[in-house]
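Peer 1:
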Amino acid sequence: MENHTLSDIVETQFGKVQGFTVTNDNGFQTNVFLGIPFAQPPVGELRFEKPKPPLPWKEVLNTNEFADMCTSPEFAITNFGGNFSEDCLYLNIYAPHEKTNKRHPVMVIIHGGGYMAGGARMYRDYGDITNHFVSKGIVTVIIQYRLSVYGFASLGKESSLKAIWDCGIRRLLCNLYMKMSTILVVIPIALPYMVAALDLEAFPL
């Protein structure tokens, strides 16, 4: 995948974002948005709590680089490399560049890793994502969620299992791509299953 150019600026309910457009060997163009926040950083008073909606931003958010992966045990850091942080609740979006008024199916990938490791950077091959999904009209979203003790420790509070709440990003997704008809959720350790999506307004990427 070569010929990277800046994408159009897209306005979300929280602020404007700009990613980049890549072109595959067949000339198909994909808009890529990396590191879009879907929650406030779960640090300080928000550590071990349910995620809060992201704070709006005024300037155009540059979404051209992968966000840090969620803090993991040392073995995962050694195997995956890259940067790790508690501030990791971000998602990536890969969408057809061509503008259209038709609905697109949206596939949400929730990475595996035994609740201890992994992240959106595991799926960093734009070519594979474009050729297998986006070129067939499937908008692909890859999310991150808190791992290990940060996401799965039980403190005897209602907000335990924070990582499950991290994955509840329907509100943001429904504002990231037109009117969605169906969401295909892919969990690497299980079979894909279909989830009906409400007919909510969003916008074309």
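Numbering (my numbering), first residue to last: 44 to 248.
All residues carry an ideal CB built from backbone N, CA and C; glycine is no exception.
Identify whether Thr173 lies in helix, strand or coil by the three-state DSSP scheme.
Peer 2: Thr173 falls in the helix class under three-state DSSP.
Peer 1: Short check: CB of Asn107 to CB of Leu134, under 8 angstroms?
Peer 2: no
Peer 1: Buried or exposed: where does Pro139 fall if 16 or more other Cβ atoms within 10 Å of its Cβ makes it buried?
Peer 2: buried
Peer 1: In its own chain, which residues sit with a C-beta less than 8 angstroms from the C-beta of Leu98, not counting the 5 before and 5 after it?
Peer 2: Phe57, Gln83
Peer 1: Compute the Euclidean distance between the alpha carbons of Arg164 and Asn144, then round it to the nearest angstrom.
Peer 2: In this structure, the alpha-carbon of Arg164 lies about 30 angstroms from that of Asn144.
Peer 1: So, at 6 angstroms on beta carbons, what are the nonlocal neighbours of Thr64 in its own chain, with the 5 sequence-adjacent residues on each side left out?
Peer 2: Only residues of its own chain outside the window of five on either side were considered, and among them Thr48, Ser50, Gln72, Asn74, His140 have a CB closer than 6 angstroms to the CB of Thr64, listed in chain order.
Peer 1: Under 8 angstroms, do Val184 and Ile136 count as touching if we go by C-beta distance?
Peer 2: yes
Peer 1: Could you spell out where the beta strand (DSSP E) holding Gly62 opens and where it closes?
Peer 2: 59-66
Peer 1: Pull up the distance between the alpha-carbon of Ala110 and that of Gln187, whole angstroms please.
Peer 2: 9 angstroms
Peer 1: Express the C-alpha separation of Tyr193 and Arg90 in angstroms, rounding to a whole number.
Peer 2: 7 angstroms
Peer 1: Return the chain-ordered list of same chain residues with a C-beta closer than 7 angstroms to the C-beta of Asn105, the five sequence neighbours on each side being excluded.
Peer 2: Gln61
Peer 1: Where does Ile52 land, buried or exposed, given buried means 16+ other C-beta within 10 angstroms?
Peer 2: exposed
Peer 1: Phe76 lies in the beta strand (DSSP E); which residues open and close that run?
Peer 2: 72-80
Peer 1: Going straight from the alpha carbon of Thr114 to that of Cys131, what length do you get?
Peer 2: 8 angstroms
Peer 1: Mapping DSSP to helix, strand and coil, what is Met165?
Peer 2: Reduced to three states, the DSSP call for Met165 is helix.
Peer 1: Are the beta-carbon atoms of Met159 and Ser197 separated by less than 8 angstroms?
Peer 2: no
Peer 1: Excluding five sequence neighbours on each side, which residues of the same chain lie with their C-beta closer than 6 angstroms to the C-beta of Gly180?
Peer 2: His147
Peer 1: To the nearest angstrom, report how far apart Pro94 and Pro85 are at their CA atoms.
Peer 2: About 7 angstroms.
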